[in-house]
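Engineer: For the sequence shown, the UniProt record's numbering gives the first residue as 1, with consecutive numbering after it.
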Amino acid sequence: MTAPLTFSPEVSDALAAGRPVVALESTIITHGMPYPQNLEMARQVEQVIRDNGAVPATIAVMGGQIHVGLTDDALEALAQTPSDQAMKLSRADLAVCLANGRTGATTVAATMICAHLAGIRVFATGGIGGVHRGAETSFDISADLQELAQTPVTVVAAGAKAILDLPKTWEVLETLGVPVIAYGQDELPAFWSRSSGIKAPLRMDSAAEIAAAADMRARLGLKGGQLVANPIPPDAEIARDAIMPVIEQALSEAEAQGIAAKEVTPFLLQRIFELTEGRSLASNIALVLNNARLAAQIAIAMTR
Ligand code: PSU
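1. Across the stretch 229 to 240 and the stretch 48 to 67, are there enough close Cβ pairs to call them in contact, namely three or more that are closer than 8 Å?
2. Taking the beta carbon of Glu174 as the centre, do at least 16 other beta carbons fall within 10 Å, making it buried, or is it exposed?
3. Please identify the residue among Ala242, Ile210, Val48, Val178 whose C-alpha is closest to the C-alpha of Lys223.
4. Roughly how many angstroms lie between the CA atoms of Pro34 and Arg50, to the nearest whole one?
5. Apply the 10 Å Cβ neighbour rule to Phe191 and answer buried if 16 or more other Cβ atoms are within range, or exposed otherwise.
6. Taking the alpha carbon of Ala286 as the reference point, which residue from Met41, Leu15, Val21, Ile28 has its own alpha carbon closest?
7. Determine the burial state of Arg121: buried for a count of at least 16 other Cβ atoms within 10 Å of its Cβ, exposed for fewer.
8. Only counting the same chain, and skipping five residues up and downstream in sequence, which positions put a Cβ closer than 7 Å to that of Val11?
9. Span of the alpha helix (DSSP H) holding Ala79?
10. Helix, strand or coil: which one does DSSP assign to Lys223?
11. Ala118 and Leu89: beta carbons closer than 9 Å?
12. Hey, Ala218 and Thr154 are a contact pair by Cβ (cut 8 Å); roughly how many whole angstroms apart?
13. Would Ala295 be called buried (16 or more neighbouring beta carbons within 10 Å of its own) or exposed?
14. Using only alpha-carbon positions, find the residue among Ser206, Ala105, Glu255 that is nearest to Ala299.
15. Please state the DSSP three-state secondary structure of Phe123.
16. Kindly examine the ligand PSU and report whether one of its heavy atoms sits closer than 8 Å to the Cβ of Asp125.
17. By the 10 Å Cβ neighbour count, where 16 or more other Cβ atoms means buried, how is Leu268 classified, buried or exposed?
18. Considering only C-alpha positions, which residue in the set Leu24, Phe7, Pro152 is nearest to Gly225?
19. Give the DSSP bridge partners of Glu187, in chain order.
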């Protein structure tokens, strides 16, 4: 019995030839951004990976199969799927979605699982999920963190999304033994902002170092992946002082409306988009493209 994987011809050729491949998730398309910007982002991010010498593999679940590499038609259909009609898949519901033949978009956790099954070692996204504010009473902690602790994929993100409790998120990752590597600076980035005020536990300045660290983890037999926290480009960032009050407002509205569980992150991203008149989305797209570029470089370094 093997996993139900369907590869696009481009991805299967690249993997067979040992060429660099970068996995991409699909929850960011269905639940993270509005249409049509989500589709434009999904196409652009694939193009950036190709321009940087690697092959993109966007991952989603359709018709009982994990699709690794989507056609442009499939990408468009997914981008137009209302968020309540695509399951937001994590480790807990991936198998159920496949067994029931439903459509599902993969979060960071589910994309890591699928990438690993497909033999892909690096994955680019926007920001990982983490410890939600108020987790001490709600227990709302993203399954992305546990996944990083057990599945050997290097995830390139702009940190954890700043809607979260960032200090608690980094504490949990440390407890779980996940290497958190800031790229090119001493401080951890905070998604829309380059600065978080939190010193990074590890820092690296080249794709080659990141690839070598992944290889060494494998040689040591350590389970789990690595998180590369890549700061948003300076010209696209929203300074911490500007974004924080907006996040606070969106959070109090979510609380007042009783938004919970999987709905929290999509609700907050949408409200912050409205409150910043689209600026948060432009930044989000810029940081994803920046992460795709670095992920392509890491994928290339991993094939050397
Ligand atoms: N990056 C983005 N936007 C997103 C996500 C990542 O720029 O919407 C998605 C990822 O799929 C991640 C999910 O796994 O948000 C986290 O959701 P939650 O907080 O419910 O675990």
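All residues carry an ideal CB built from backbone N, CA and C; glycine is no exception. These numbers come from a predicted model, not from an experiment.
Structural biologist: According to the structure data:
1. no
2. As a working mapping, residue 174 is identified with position 174 in the sequence shown. Per the 10 Å Cβ criterion, exposed.
3. Position 223 of the sequence shown, counted from the start, is the residue given in the question as residue 223. Per the C-alpha coordinates, the member of Ala242, Ile210, Val48, Val178 positioned closest to Lys223 is Val178.
4. Indexing the sequence shown from 1 puts residue 34 at position 34. Indexing the sequence shown from 1 puts residue 50 at position 50. Their backbone Cα atoms lie some 24 Å apart in a straight line.
5. Position 191 of the sequence shown, counting from 1, holds the residue named residue 191. Buried.
6. Translated into the one-based positions of the sequence shown, residue 286 becomes position 286. It is Met41.
7. Here residue 121 refers to the residue found at position 121 of the sequence shown. When all chains shown are included, Arg121 counts as buried.
8. Here residue 11 is taken as the residue at index 11 of the sequence shown, counted from 1. Result list for Val11: Val21, Val55, Ala57, Val68, Gly69, in chain order.
9. Within the sequence shown, the letter at position 79 stands for residue 79. From DSSP, the alpha helix (DSSP H) with Ala79 extends over 72 to 80.
10. Counting from 1 along the sequence shown, the entry for residue 223 is found at position 223. Here Lys223 sits in coil by DSSP.
11. Locating residue 118 in the sequence shown gives position 118, where the first residue counts as 1. Locating residue 89 in the sequence shown gives position 89, where the first residue counts as 1. Cβ distance not < 9 Å, so Ala118 and Leu89 don't count as in contact.
12. As a position in the sequence shown, residue 218 is number 218, starting the count at 1. As a position in the sequence shown, residue 154 is number 154, starting the count at 1. Incorrect: roughly 11 Å between the Cβ atoms, too far for contact.
13. Position 295 of the sequence shown, counting from 1, holds the residue named residue 295. Per the 10 Å Cβ criterion, buried.
14. Locating residue 299 in the sequence shown gives position 299, where the first residue counts as 1. Taking only the C-alpha atoms, the option nearest Ala299 is Ser206.
15. Position 123 of the sequence shown, counting from 1, holds the residue named residue 123. Here Phe123 sits in strand by DSSP.
16. Numbered from its first residue, the sequence shown carries residue 125 at position 125. Contrary to the premise, residue 125 reads as Thr rather than Asp in this sequence. At least one heavy atom of the ligand PSU lies closer than 8 Å to the C-beta of Thr125.
17. For the purposes of this step, residue 268 is identified with residue 268 of the sequence shown, where counting begins at 1. Result: buried.
18. The sequence position of residue 225 within the sequence shown is 225, counting from 1. That would be Pro152, whose Cα lies nearest to the Cα of Gly225.
19. Translated into positions along the sequence shown, residue 187 becomes position 187. Partner(s): Lys199.
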